[in-house]
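A short worksheet on the structure shown next.
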Amino acid sequence: MAEHKEDNIGEEQRVSPEIKACVFSVGERVFSFPIENLLEIAELEEVAPLPLSPDYIDGIAHHRGEAIPVLNLETVFGIEEKASLHRWLLIVRIGGELVGLSLNNMPDLSYDFSGEVIDPYRFFESYRIR
């Protein structure tokens with residue numbers, strides 16, 4: 001039997017840029033969130049109200065068997081924005097907890113951070129349900 005050898009001479013090693021951020025807008029402001037905390041981007045469907053919650057909490061969304069608190073970023077940042085037919089949900093993991101961030105516009109995944117960079121741990125400490 002003859003041995004088969006692969007010749008790797010002349011092949012280029014390709015290095016792909018790494019996606020680092022989830023970039024989105026709220027009104028006219030642009031924000032970035034570290035990709036390592038992003039679990040999923042989904043269309044926001046039904047949100048159940050959460051009585052006695054702060055005004056920045058839209059309620060609870062059920063996603064893949066999990067109840068996830070949904071934070072309204074327009075309210076968090078004090079930005080008035082026209083209602084949209086489609087809402088998006090950024091599902092983020094901060095520590096061991098899941099949080100949903102609601103948006104009017106589809107976010108982008110980017111190789112670089114843009115606009116205001118959100119520190120997920122500081123953000124979560126400020127706006128989590130206690």
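Sequential numbering from 1 applies to the sequence shown in the working numbering. Heads up, the beta-carbon is just placed ideally off N, CA and C, and yes, glycines get one too.
Could you tell me which of the options sits nearest to residue i, measuring between CA atoms?
i	options	result
PRO49	ASP119, ASP112 and GLY59	GLY59
GLU45	ALA67, ARG122 and ILE79	ALA67
LEU90	ARG128, THR75, ASN104 and GLY78	ASN104
HIS86	PHE124, GLU74 and GLU43	GLU43
GLU74	GLY95, SER102, ALA61 and LEU52	SER102
ALA83	VAL15, ILE41, CYS22 and GLY27	GLY27
LEU39	PRO51, ARG122, CYS22 and LEU52	CYS22
ARG128	LEU98, ILE79, ARG29 and PHE77	LEU98
VAL47	PRO17, SER114, PRO69 and ILE79	PRO69
ILE41	TRP88, GLU116 and VAL117	TRP88
Quick check: the Cα distance between residue i and residue j, rounded to an integer number of angstroms?
i	j	result
ARG64	MET106	20 angstroms
SER141	PHE31	Past the edges of the chain, shown from 1 to 130, lies residue 141, and the structure says nothing about it.
ASP55	LYS20	31 angstroms
PHE124	VAL15	34 angstroms
ASP119	HIS62	25 angstroms
ARG142	TYR121	The structure shown does not extend to residue 142, since the chain is modelled only from 1 to 130, so the question has no answer here.
PHE77	GLY96	24 angstroms
PRO51	SER114	35 angstroms
LEU71	ARG29	17 angstroms
SER126	GLY100	15 angstroms
List the DSSP bridge partners of residue i.
i	result
ILE91	GLU40 and GLY100
SER110	ALA21
GLU116	PHE31
HIS62	ALA67
VAL26	ARG29
ALA48	ILE60
Could you give the DSSP three-state label for residue i: helix, strand or coil?
i	result
VAL76	helix
GLU3	Summary for GLU3: the model assigns pLDDT 49, below 50, so the residue's position carries little reliability; its value from the coordinates is reported in the next sentence. Looking at GLU3 - three-state DSSP - the assignment turns out to be coil, as it is neither helix nor strand.
SER126	helix
The region 31–40 in contact with the region 106–116 per 3-pair CB rule at 8 angstroms: yes
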